[in-house]
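In my numbering, the protein residues as written are 603 to 961.
Backbone N, C-alpha and C fix where the C-beta goes; we use that ideal spot for every residue, glycine too.
Treat the numbers as computed from the prediction; the structure is a model and nothing was measured.
Below is one structure, written out as structure tokens, with a few remarks after it.
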Amino acid sequence: MPRDFHESGLGCARRQGARTIASMNTDRLSAPRPRIAVVATGGTIAGVGGQASSPAYRAAVTPVDELIAGVPGLEQLAELRAEQLMQIDSADFTDERLLQLARRVAALCARDDIEGVVVTHGTDTLEESAYFLHLTVPSRKPIVLTGAMRPATALSSDGPANLRDAVAVAAHPSSAGRGALVVMNGQIHSARDVTKTHTLRPDAFASPHGPLGLLAALQPRWYRALTRLHTADSEFDIARITALPLVGVVAGHGNMRAEVWQALAQAGARAIVYAGLGGGTVPAYLASTLGDLCRRGIHVVRASRTGGGPVMRNAGFDDDACGSLVIDDQNPPRARLLAALALTRTQDASALQEVFWRY
Ligand code: SIN
Numbered sequence: 603m604p605r606d607f608h609e610s611g612l613g614c615a616r617r618q619g620a621r622t623i624a625s626m627n628t629d630r631l632s633a634p635r636p637r638i639a640v641v642a643t644g645g646t647i648a649g650v651g652g653q654a655s656s657p658a659y660r661a662a663v664t665p666v667d668e669l670i671a672g673v674p675g676l677e678q679l680a681e682l683r684a685e686q687l688m689q690i691d692s693a694d695f696t697d698e699r700l701l702q703l704a705r706r707v708a709a710l711c712a713r714d715d716i717e718g719v720v721v722t723h724g725t726d727t728l729e730e731s732a733y734f735l736h737l738t739v740p741s742r743k744p745i746v747l748t749g750a751m752r753p754a755t756a757l758s759s760d761g762p763a764n765l766r767d768a769v770a771v772a773a774h775p776s777s778a779g780r781g782a783l784v785v786m787n788g789q790i791h792s793a794r795d796v797t798k799t800h801t802l803r804p805d806a807f808a809s810p811h812g813p814l815g816l817l818a819a820l821q822p823r824w825y826r827a828l829t830r831l832h833t834a835d836s837e838f839d840i841a842r843i844t845a846l847p848l849v850g851v852v853a854g855h856g857n858m859r860a861e862v863w864q865a866l867a868q869a870g871a872r873a874i875v876y877a878g879l880g881g882g883t884v885p886a887y888l889a890s891t892l893g894d895l896c897r898r899g900i901h902v903v904r905a906s907r908t909g910g911g912p913v914m915r916n917a918g919f920d921d922d923a924c925g926s927l928v929i930d931d932q933n934p935p936r937a938r939l940l941a942a943l944a945l946t947r948t949q950d951a952s953a954l955q956e957v958f959w960r961y
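Quick look at the structure:
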């Protein structure tokens, strides 16, 4: 009796593309295929070089047409419209490039002849771009980001299977209205939750409450739903955003220096996210620095460096006395983006705090 399996990240997508996709989707071949845009931005999924004995490789080399051609049978899942929006290491994503990506994805989602969008992206800042799209693209159409931990030329490249899975999720009607999704290693994560948690492993992406679902026989199977606002229900529409205000992030550790906070203020930061110790605890020796910043109208936003759990108001620090804010459970890079977007709508501390509770 043949067993069903979902192979992912094992470097066998070419073989599997020819066999599994064809056999599992014969019913779809006669039906009109969903039209899916594939927007390529670079990253390791488009990387070249690198073997186990010599891990150095170059990210952002292979063009999108070749990535698609590397997954035989992909066109059976969807009619693909591929474009190379940029070809960069995701470390080079600036706010300007983030805005460019969001504008392009929003424009594609607005088209009647596109049912969903897949973005291929480097994994290092994938979670930030995903969250930005989650908050700013006013559409219920599936937006799915994927990447790879191993370059296309590696023996065990995970890119082809991830791309196939991302297209399968974007093409499925049940993926609509769930916000931006991150599909990696056979799992479907919400852009609100997912974080890269490992430097090497193909199962590097994880969400604190688990993924929303997974792929079973190339069909999404959902186990959780989001309760927070996103995409079509978000108040942040990329069409109305021309630039993001500067929001800095300061890492929490022993023996911190006030000068780091002051340098960000001098650089023009409108808010500073504190990647805080434990539940966002502020050491006593920094309390007056943070109070000064708040009095000058620079918002201090307490987050946590732990990777999980909420930061509670007035616990570990007197937010009411200082005028500081807490970000709930968002990790510091996402807190930066949410704070920057919120600052495009309001400067008021309590209104900002309300935004942080809603998203
Ligand atoms: C990048 O983020 O562009 C390089 C690393 C990766 O994609 O895994």
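Chain-order list of residues whose beta-carbon lies under 8 Å from that of residue 814 (same chain, five-residue window excluded): Around residue 814: 780, 783, 790, 791, 792, 824, 825, 826, 827 and 828.
Cβ neighbour criterion (16 or more within 10 Å) applied to residue 618: Residue confidence for residue 618 is low, a pLDDT of 41 falling below 50, so the modelled location carries little weight; the figure read from the coordinates is stated next. Buried, since its Cβ has 16 or more Cβ neighbours within 10 Å.
Helix, strand or coil at residue 607 according to DSSP, with G and I counted as helix: Since pLDDT at residue 607 reaches only 47, below the 50 mark, its modelled position is unreliable, and the value read off the structure follows with that caveat. Coil at residue 607, not helix or strand.
Among 640, 646 and 686, nearest to residue 676 - alpha-carbon criterion: Ranking 640, 646 and 686 by Cα distance to residue 676 puts 640 first.
Distance between residue 741 and residue 831 (C-alpha atoms, nearest Å): Note on geometry: alpha-carbon atoms of residue 831 and residue 741 lie some 12 Å from one another.
C-alpha gap between residue 683 and residue 638, whole angstroms: C-alpha separation (whole angstroms): 6 Å.
Residue 844 versus 934, 701, 673 and 833, residue with shortest Cα-Cα distance: With distances taken between Cα atoms, residue 844 lies closest to 701.
Residue 688: CB within 7 Å of a non-hydrogen atom of ligand 1: Because no heavy atom of ligand 1 lies under 7 Å away, the Cβ of residue 688 does not count as near it: no.
Inter-stretch contact at 8 Å, needing at least 3 Cβ pairs: the stretch 701-712 / the stretch 755-775: Touching, no.
Alpha carbon of residue 722 to alpha carbon of residue 688, nearest angstrom: Rounded to the nearest angstrom, the two C-alpha atoms are 10 Å apart.
Enclosing beta strand (DSSP E) for residue 802 [first to last residue]: Counting along the chain, no beta strand (DSSP E) covers residue 802, and no H or E run does either.
Nearest-angstrom Cα separation, counted from residue 821 out to residue 636: For residue 636 and residue 821, the distance between alpha carbons rounds to 14 Å.
Cβ neighbour criterion (16 or more within 10 Å) applied to residue 668: With fewer than 16 other Cβ atoms within 10 Å, it is exposed.
Residue range of the unbroken beta strand (DSSP E) whose run includes residue 685: Taken as a continuous stretch (DSSP letters only), the beta strand (DSSP E) holding residue 685 covers 681-690.
Collapsed DSSP secondary structure at residue 789 in the structure displayed: Here residue 789 sits in strand by DSSP.
Chain B within 8 Å of residue 643, Cβ atoms only: Looking at the structure shown, chain B is missing, and only one protein chain is on hand.
Cβ-Cβ distance between residue 928 and residue 947 below 8 Å: Going by C-beta atoms, residue 928 is not nearer than 8 Å to residue 947.
Ligand 1 heavy atom lying under 7 Å from the CB of residue 918: Not so, every heavy atom of ligand 1 lies at least 7 Å from the Cβ.
Cβ neighbour criterion (16 or more within 10 Å) applied to residue 715: Classification for residue 715: exposed.
Segment contact, 8 Å Cβ cut-off, at least three pairs: the stretch 870-878 with the stretch 917-937: Inter-segment contact for the stretch 870-878 and the stretch 917-937 is present: three or more beta-carbon pairs are separated by less than 8 Å.
CB contact flag (residue 718, residue 662, <8 Å): No; because the gap between Cβ atoms is not below 8 Å, this pair is not in contact.
Inter-residue spacing [alpha-carbon to alpha-carbon] between residue 882 and residue 856: For residue 882 and residue 856, the distance between alpha carbons rounds to 13 Å.
Segment contact flag, the stretch 933-943 with the stretch 838-852, C-beta cutoff 8 Å, min 3 pairs: Three or more Cβ pairs closer than 8 Å define a contact, and the stretch 933-943 meets that threshold against the stretch 838-852.
Where residue 679 falls, given that 16 or more other Cβ within 10 Å makes a residue buried: Residue environment analysis places residue 679 among the buried positions, since at least 16 neighbouring C-beta atoms fall within 10 angstroms of its C-beta.
CA nearest to the CA of residue 884, picked from 914, 757 and 867: Nearest option by C-alpha distance: 914.
Proximity to residue 644 [Cα-Cα], best of 809, 761, 902 and 870: Taking only the C-alpha atoms, the option nearest residue 644 is 761.
Simplified DSSP state of residue 776, which is helix, strand or coil: In this structure, residue 776 counts as helix in the three-state DSSP scheme.
Contact under 8 Å by Cβ, residue 664 with residue 650: Closer than 8 Å, so yes.
Proximity winner among 807, 838 and 957, relative to residue 736 (alpha-carbon distances): Cα-wise, what sits closest to residue 736 is 838.
Contact check, residue 867 vs residue 900, beta carbons under 8 Å: Between residue 867 and residue 900, the CB-CB gap stays under 8 Å.
For residue 937, the first and last residue of its enclosing alpha helix (DSSP H): Its alpha helix (DSSP H) spans residues 934-945.
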